[in-house]
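**Student:** Just so we're aligned: the sequence shown equals residues 1018 to 1498 in my numbering.
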Amino acid sequence: MPQTLAFMKQEAHPHHVIWTLFANKYGGIYRLEIPGHRFVVVNDPALLPAIIGRPGLPKWAAYQNVVPLVAKSKVETLFTTPHSSDPMWKTVRKALNPAFSPSAIKSKFGLVVEKCWALCDWLEQMGPGADVEAQDAMARLTLDVVLMAGFGIASNTIGDPAPVPLLTELHYAMDETFSKPVRAVLLKLLPFLPAAKEREVHFARLYGIWDGWVQQMLARGPPPETDDSLWACITRVRNPSTGRPMEGDKLQAEVASLIVGGLDTTAQTCSFTLALLATHPAAQRAVAAELQKAGLLATPAQKIPRQLTYADLSRLPYLDAVVKESMRMFPVSASGLGRYTTEPTILGGYLIPAGTEVQINYYAMQNIEANFPEPHRFLPERWLGHARAAASPDASTDGFVEGDPLARAFLPYSAGPRSCIGQPLAQMEVPTILATVLGRFEVELADQMGGYEGMLARQINAFTLSLKGGCHLKFRARASM
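#1: Please return the same chain residues whose Cβ sits closer than 8 Å to the Cβ of Pro1368, not counting the five positions on each side in sequence.
#2: Residues in its own chain within less than 8 Å of Lys1125 by CB, not counting five upstream and five downstream?
#3: Assuming Gly1169 and Trp1248 make a contact with CB atoms under 8 Å, what is their CB distance in whole Å?
#4: In the DSSP assignment, what are the bridge partners of Ile1369?
#5: By Cβ distance, which residues of its chain are closer than 6 Å to Tyr1469, with the 5 residues on each side in sequence left out?
#6: Less than 9 Å between the beta carbons of Asn1378 and Thr1037, yes or no?
#7: For Arg1332, count neighbouring Cβ atoms within 10 angstroms of its own Cβ and tell me buried if that reaches 16, exposed if not.
#8: Taking the runs of the alpha helix (DSSP H) that are 4 residues or longer, which of them lie wholly in the segment 1166-1211?
#9: Which residue or residues does DSSP assign as beta-bridge partners of Lys1125?
#10: For Gly1146, report the span of its alpha helix (DSSP H) as first-last.
#11: Shortest alpha-carbon distance to Ser1246 belongs to which of Val1272, Leu1455, Asp1464, Asn1173?
#12: Under 9 Å between the Cβ atoms of Pro1262 and Pro1348?
#13: Going by DSSP, what residue range makes up the alpha helix (DSSP H) through Lys1485?
#14: Counting along the chain, where does the beta strand (DSSP E) carrying Lys1491 start and finish?
#15: Distance, Cα to Cα, Gly1146 vs Phe1492?
#16: By the 10 Å Cβ neighbour count, where 16 or more other Cβ atoms means buried, how is Ala1212 classified, buried or exposed?
#17: With three or more beta-carbon pairs closer than 8 Å as the criterion, would you say the segment 1225-1243 touches the segment 1387-1402?
#18: Taking only three categories from DSSP, how would you classify Lys1071?
#19: List, from N- to C-terminal side, the alpha helix (DSSP H) runs of 4 residues or more that fit wholly inside the segment 1076-1129.
#20: Between Phe1389 and Arg1345, which are expected to be in contact by the criterion C-beta below 8 Å, what is the C-beta distance as a whole number of angstroms?
#21: With burial defined as no fewer than 16 other Cβ atoms inside 10 Å of the residue's Cβ, what is the status of Arg1457: buried or exposed?
#22: Sort Asn1041, Val1058, Pro1298 by Cα distance to Tyr1357 and report the nearest one.
#23: Just the C-alpha distance for Gln1233 and Lys1341, rounded to the nearest angstrom, thanks.
#24: In whole angstroms, what separates the C-alpha of Val1181 from that of Asp1061?
#25: Buried or exposed: which applies to Val1199, given that a residue is buried once 16 or more other Cβ atoms fall within 10 Å of its Cβ?
#26: For Ser1497 and Asp1138, I'd like the C-alpha separation in whole angstroms.
#27: So which of Leu1204, Gln1383, Ile1450, Leu1291 has the shortest CA-CA distance to His1033?
#28: For a quick check, are the C-beta atoms of Glu1459 and Gln1319 less than 9 Å apart?
#29: In the DSSP output, what is Val1058 paired with across the bridge?
#30: I'd like the ranges of any beta strand (DSSP E) spanning at least 3 consecutive residues and lying wholly in the segment 1415-1467.
#31: Out of Ile1321, Leu1203, Glu1307, Thr1481, which one is the CA nearest neighbour of Arg1495?
#32: In chain order, what residues of the same chain have a beta carbon less than 6 Å from the beta carbon of Tyr1080, not counting five sequence neighbours either side?
#33: How is the alpha helix (DSSP H) around Gly1278 delimited, first residue to last?
#34: Would you give the residue range spanned by the alpha helix (DSSP H) that Gln1301 belongs to?
#35: What residues in its chain sit with their C-beta under 7 Å from that of Ser1343, if we drop five residues either side in the sequence?
#36: Measure the alpha-carbon distance for Tyr1327 versus Gly1312 and round it to whole angstroms.
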């Protein structure tokens, strides 16, 4: 392992970029020290099964930083519970599985298409010269979908000129918690400061939104047995120790965690993909050609293309490759994950002491030459013909794909027992959004973005990877071209 690194000297740069620099310099595994912490960083995909497979290592304490986004008291959620052997964690995970079954996902497809067309109609009204902030537009779409599909809450934020209260308060909370951690600690210690009072107001509004939705759903009464929505599945959870249903902050936190998990992750994936296509016209033309062959592209002669069907999703290999390459270059969970050893553990030939934090940074792992040739180039073609299992893991292998080096290093939804439970919804939602939007519009990067290099310089990692100041695009209707 290399000698101690002066990590804190690099804090002026985005940390996920610094992790990548270190990965290129120090290789597949190295030790890192910052004041108060000593941990091991892993970039070698061959070591992942021992860390996140079965039984794997438990999550480290840093996951508790997520709790203030979803509840005002300290509660464990599906996302934050350290051990996958925890009885309550296993109960919740199992109870939610029906909401992500193939039949359940297929039943939500029509809703996603409906919201996509609403977005496209609004984009057409905006006109070809309009500057559209894609991160906000996509977040509105995914919010509308997750609220209705998962919880039966009607939401129609697409095209509404007013700010969306949840997005305003949630993004404030994310920024305060993950972009300004020192400030957050100081404001808690000095609650009399105006900034601390402002922070308290924002978080109170956020908790009020979560609680309002939970109360609205509770007022409906028990869901029917045939209901496989997220809300119905959650109401059926019983604490294995007490036999009681979830209630109070625990119920609110699980509901909020599922909404947060299905919101920015999908929205930012779509935004980054559109921005990449806007800056790589050859790839955008290839997507258009594939859509045209399928009858899904608007033209002056066919102003309204055929509406996407569920079966179409498996017949768009180039779009699938574009999505994979976008998720490789800009994984929304850029920080990756953290675990800790509970006993002396061998990793990469090194003896790791008990109590050591182990960090896997997905952004670094997916953007280094050791794992991906020419990692800084947008090359969707690298995925054509490669294992689709990388994005659709076989449960028998915990999502780890042997024999295909690209697939082994590409884990946008993680893998193992703690892999993203919402993966099936995202895999349906992302291509549906992109195929619908790209079928009706050609996308350009707005001048204020400063081109591809300007886009790269805007990266910021505050819980999810995004672009500071937004992702500004222009949408030109293909029917008018």
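Heads up, the beta-carbon is just placed ideally off N, CA and C, and yes, glycines get one too.
**Tutor:** For this structure:
#1: Looking at the sequence provided, one finds Leu at residue 1368 rather than Pro. Same-chain partners within the cutoff: Pro1361, Thr1362.
#2: Here the set comprises Val1162, Ala1166, Leu1442, Met1445.
#3: Right, the Cβ-Cβ distance comes to about 6 Å (below 8 Å), so this counts as a contact.
#4: Ile1369 is bridged by DSSP to Thr1362.
#5: These residues qualify, in order along the chain: Thr1296.
#6: Taking 9 Å as the Cβ cut-off, Asn1378 and Thr1037 qualify as a contacting pair.
#7: With a 10 Å radius around the Cβ and a threshold of 16 neighbouring Cβ atoms, Arg1332 comes out exposed.
#8: Within the segment 1166-1211, the complete alpha helix (DSSP H) runs of at least 4 residues are 1182-1191, 1198-1206.
#9: DSSP, once it has assigned bridges, lists no residue as partnering Lys1125.
#10: Per DSSP, Gly1146 lies in no alpha helix (DSSP H) segment and is marked neither H nor E.
#11: Of the candidates Val1272, Leu1455, Asp1464, Asn1173, Val1272 places its Cα closest to the Cα of Ser1246.
#12: Going by C-beta atoms, Pro1262 is not nearer than 9 Å to Pro1348.
#13: That residue, Lys1485, is in no alpha helix (DSSP H); it is neither H nor E in DSSP.
#14: 1489-1494 is the extent of the beta strand (DSSP E) around Lys1491.
#15: If you draw a straight line from the Cα of Gly1146 to the Cα of Phe1492, it comes to about 8 Å.
#16: Within 10 angstroms of the beta-carbon of Ala1212 lie fewer than 16 other beta-carbons, which makes it exposed.
#17: They do not touch, by the three-pair rule.
#18: Before going further, note that residue 1071 is Arg rather than Lys in the sequence given. Coil, per DSSP.
#19: Contiguous alpha helix (DSSP H) elements confined to the segment 1076-1129 occur at 1104-1113, taking only those with 4 or more residues.
#20: Confirmed, about 7 Å.
#21: When all chains shown are included, Arg1457 counts as buried.
#22: Here the closest residue by C-alpha is Val1058.
#23: Within the model, the alpha-carbon separation for Gln1233 versus Lys1341 is close to 38 Å.
#24: For Val1181 and Asp1061, the distance between alpha carbons rounds to 41 Å.
#25: Sixteen is the threshold: since fewer than 16 other Cβ atoms of the shown chains lie within 10 Å of the Cβ of Val1199, the residue is exposed.
#26: Cα to Cα, the separation comes out at about 14 Å.
#27: That would be Gln1383, whose Cα lies nearest to the Cα of His1033.
#28: The Cβ atoms of Glu1459 and Gln1319 do not sit closer than 9 Å to each other.
#29: Looking at the DSSP output, Val1058 bridges to Tyr1047, Gln1376.
#30: You should have 1458-1462.
#31: Ranking Ile1321, Leu1203, Glu1307, Thr1481 by Cα distance to Arg1495 puts Ile1321 first.
#32: So the list reads Thr1097, once near-sequence residues are dropped.
#33: Residues 1265-1278.
#34: For Gln1301, the enclosing alpha helix (DSSP H) begins and ends at 1298-1310.
#35: Counting only Cβ-Cβ distances below 7 Å, and skipping sequence neighbours, we find Thr1286, Phe1289, Thr1290, Leu1293.
#36: Each residue's CA atom was taken as its position, placing Tyr1327 and Gly1312 some 14 Å apart.
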